[in-house]
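The structure appears below as structure tokens.
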Amino acid sequence: MPVVSILRRVVLPVVLLLVLGVPQSRAQPAASLQSPATFLGYELGERFTPHHRVVDYVRHVAAQSPNVSVEQYGTTHEGRPLLLATVAGADNRDRLEQIRTDNLRRAGMAAGDPQGPPTAVVWLSYNVHGNESVSTEAAMQTLYALGNPQNERTQRWLENTVVLIDPCLNPDGRARYVQWYRQMKGASYNARPEAREHDEPWPGGRTNHYYFDLNRDWAWGVQQETRHRLDAYHDWMPHVHVDFHEQSVDDPYYFAPAAKPFHENITEWQREFQFTIGRNNAKYFDRNHWLYFTREVFDLFYPGYGDTWPIFNGAIGMTYEQGGSGRAGLGIVTAEGDTLTLADRIAHHHTSGLSTVEATAQNHEQVVQEFADYYDTAEQDPPGDYETYVVKRDAGGDRLQALAEHLDRQRIRYGVASEAQDIRGRSYATGETERTAIESGDLVVQAAQPKARLVKVLFEPETTIIDSLTYDITSWSLPYAYGLDAYALPDRVAPPTQNAVPQETGVRGSAESPYAYLTPWSSRADARFAAALLNREVSLRFATEPFTHNDRTYAPGTLILTRAGNEPLGDRFDAIVREVAAEHNQPLQAVATGFMDSGPDFGSDNVGYVDAPHVAVLSGPPTSSNSTGEVWHFFDRQIHYPATLLNADAFSADALDDVDVLVLPDGRYDDWLSEARTDALTDWVRDGGRLVALGNANDDLAGHSAFAIQHKEATTSENDDDGADEPTYGGDGEIADASDPLRRYGNRERARLPEATPGSIHRTRTDTSHPLAFGVHDPYFTLKRSDEAFAYLENDWNVVTLPAGAPVSGFMGHEAQADVAETLVYGVQEMGRGRVVYMIDNPLFRGFWYSGHLLFSNAVFFVGNG
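By the numbering used here, the letter at position 30 of the sequence shown is numbered 93, and the numbering carries on one by one without gaps.
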């Protein structure tokens, strides 16, 4: 082990004692409570601790410390436990349930008034990114400091503050990183940045089992770990939440206050108390001569983070970032020539965590009162221009039901209208104020409720962007994400409501053994039903044109389940179809004939046929692990249909022998897409294969003559006359021009804003007569995160296209708007007997862009089959 590492081991305890101000003779616990070093058999910082040993230590502390209890609030996809430790002082141990209930009462989430004295609640979240692994090591040190009843200073804080510690939000990602690192390291670590232990292979340990970034999922709850955590969080509703992270090796420590832009619904108190905590952190960092920065990079705008989501739920939410991440290992030489060790990183996170508890305890009465005021004002004077949000029921009710389940996860209250009522409000579809009516089955969300600010953030038709220099997407409104018609009303409207979204279920029609069953196609739920039938070896047909039967018109995409084509199932056909429909709450219309009143009969060539396709997904380098994970999760968890993940490094033509659909996730394929592989793909498509290309995969296909997709010729600012709105830059108000030779260096970041595309929502043109768009809500709203622009396909099908104009919500620079105007969003090329589906924008973005899921399902099941 390098000498510098040995020195760090000696220095670390001294630094912590200086920070805590606890005499060493008074800091010893009772004999039964062991420090992390004693329990684990090594000093923290000498090695990474496997997750199962972290679990063992947390449970040890809970068993031996009177301050600590622990609960398992869920499990990961790989079966690892998710733990939450609760730390309370002697006076609060027996009244934890009252403290928790009182807090829910302050938030309007439990009946009655608070009964006890104000007690602050701090939640410390560690290791949401698995390869930012110092966090969990620091969590054990912090748990020990707070759980040790002999530590007089921490015990004083616990007199008025309860601390909740989640030691590892992403155990699967952490385990992936720690196991890999242990395999790469020799007898001692190598601090040279070029060493292999500082170069994680694909997919890295940052993400969870399905390669999802859990720190983008708080507002959506797509992933299992997030859903469990949201339930635990709502049981407490803490006043302060810290999300511990790591950043680049060469960056010093970051703590709050955060950078601009702040979302407009962050209160003055939430901003001010970040300064209070930041100054307390700075006091200790100054004392130890540690470098740090504040008010830069990490803004508070996108609601899916572990700092912003708690803020929109009344807490003081903060991100703390330590330099290191997956590159740092146990030690790495930085650009300044110093060696950054794991022990250093632990000391910094441990110090900021305890400092946050201290600052909260010192201000506990105001912290609790401001939290109560946050919720009181939310109900009495909800923010924003709109008092009510009305979301129209879709034909089958499945998309509205999915939205309702989303709101349930977020504890947002709503009602389902049971009577009609005339209203006037802003249409999400047109952006205009219109007269319409609430109808029975529509979902109604009142702004005046405990979650008023979160309601506004998630439902506002157009986000208010104070400064367009931001870290993530700038729009996410749920009606657009779910593809539902909706209206934002300036007045409070409260029609009579019922408890649940009405859905069509059961079998209509009297025939016991009908000629066929019909069922609609308009949502991911319908795709999941189709997948379940295919898994049971039921072959499907689908309408490619409208048809009418018994005075009822059926849209293209309608599933037609005929006895013909399913002869191998024999007498089991009806039982299987009805059983699967009942499991999925899917409506069925039994029909006695294949002769239609109008439109194609069921034996027509204009009726498509789907036999269970073998789907393969390319994975590993050069694909984006996030995109691969979204595709994998979609098949595996969202529609429950098998997909084979192919290793890109080992890919050859033979891998496609029995594959019907191949998905190329977003990625950089230029080096991978050799002439031999290009020939293999094109030959396979011409023989009937269906290739689905996502995101940047299209960029590399555009360089090969066999593929019809081509880049749009760039549009420069000199000839931009489309009238797109100029961006609002904020800051000092200066517009930075990157081409100006006298431009100011201080505006260099803003010089890129005219071409910026952080993520905005756009209205598209959609050809719903094409199988790729069957069942898709028109107009389709796409989430655009790139200015990569592709021309219309010349002799093929431009199914979804982007007209000129500004986004309906969110920010896109005016040069980027000009570049993407009149370009392809989703298209289909016919190549021999096969098809290539070009998906420029991501229909599966972070798993929550629900309306895009049907487009992707169509690409898999319908395109090329009708």
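Backbone N, C-alpha and C define an ideal beta-carbon position, used for all residues, glycine too.
Fully contained in the stretch 417–468 are the following beta strand (DSSP E) runs of length 3 or more, in chain order: 451–454. Exclusion of the five residues before and after residue 424 leaves 183, 220, 223 and 224 as the residues of its chain whose Cβ lies within less than 7 angstroms of its Cβ. In the displayed model, residue 552 falls within a strand according to three-state DSSP.
Leaving aside the five residues that flank residue 775 on each side, the residues in its chain whose CB is nearer than 7 angstroms to its CB run, in chain order, 852, 853, 854 and 886.
The criterion of a C-beta distance shorter than 9 angstroms is not satisfied by residue 921 and residue 690. At the C-beta level, residue 386 and residue 672 stay beyond 9 angstroms of one another. Residue 899 has its alpha-carbon roughly 7 angstroms from the corresponding atom of residue 893. Separation of residue 375 and residue 104 (C-alpha to C-alpha, rounded to the nearest whole angstrom) is 42 angstroms. C-alpha of residue 499 to C-alpha of residue 621: approximately 28 angstroms in a straight line.
Under the three-state reduction of DSSP, residue 667 is assigned to coil, being neither helix nor strand. Collapsing the DSSP output to three states places residue 191 in coil. Just so you know, the alpha carbons of residue 692 and residue 123 end up roughly 35 angstroms apart. For the 9 angstroms CB-CB criterion, residue 188 and residue 232 form a contact. In summary, residue 346 is exposed, with fewer than 16 beta-carbon neighbours lying within 10 Å of its beta-carbon over all protein chains present. Taking a C-beta distance under 9 angstroms as the contact criterion, residue 370 and residue 291 do not qualify as a contact pair.
Contact fails between the stretch 149–164 and the stretch 348–366, because fewer than three Cβ pairs, one in each stretch, are under 8 angstroms apart.
Of the other Cβ atoms in all chains shown, fewer than 16 fall within 10 Å of the Cβ of residue 444; this residue is therefore exposed. In summary, residue 895 is exposed, with fewer than 16 beta-carbon neighbours lying within 10 Å of its beta-carbon over all protein chains present. Classified as buried, residue 473 has 16 or more neighbouring CB atoms from the shown chains inside 10 Å of its CB.
Straight-line spacing of the CA atoms in residue 97 and residue 125 works out to 11 angstroms. Exclusion of the five residues before and after residue 139 leaves 234, 235 and 288 as the residues of its chain whose Cβ lies within less than 6 angstroms of its Cβ. The residue among 176, 628 and 251 with its C-alpha nearest the C-alpha of residue 439 is 176. In this structure, 908 is the residue among 908, 744, 180 and 154 with its C-alpha nearest to the C-alpha of residue 545. Annotation: the continuous beta strand (DSSP E) that includes residue 379 extends over 379–386. Annotation for residue 324: the continuous beta strand (DSSP E) segment containing it runs 322–325. With at least 16 other beta carbons inside 10 angstroms of its own, residue 652 counts as buried. Going by C-alpha positions, residue 320 is about 35 angstroms away from residue 729. One Cα belongs to residue 678, the other to residue 723, and the distance between them is close to 6 angstroms.
For residue 144, the enclosing beta strand (DSSP E) starts and ends at 144–150. Taking a 10 Å sphere around the C-beta of residue 629, we find 16 or more other C-beta atoms and assign the residue as buried. Here residue 519 is not bridged, per DSSP, to any residue.
Annotated three-state conformation of residue 897 is strand, per DSSP. It is roughly 11 angstroms from the alpha-carbon of residue 657 to the alpha-carbon of residue 627. Annotation: the stretch 838–899 contains the following complete segments of the beta strand (DSSP E) (minimum length 3 residues), in chain order: 844–847, 860–865 and 886–894. With a minimum length of 3 residues, the unbroken runs of beta strand (DSSP E) contained wholly in the stretch 117–184 fall at 131–138 and 144–150. The Cβ atoms of residue 504 and residue 558 do not sit closer than 9 angstroms to each other.
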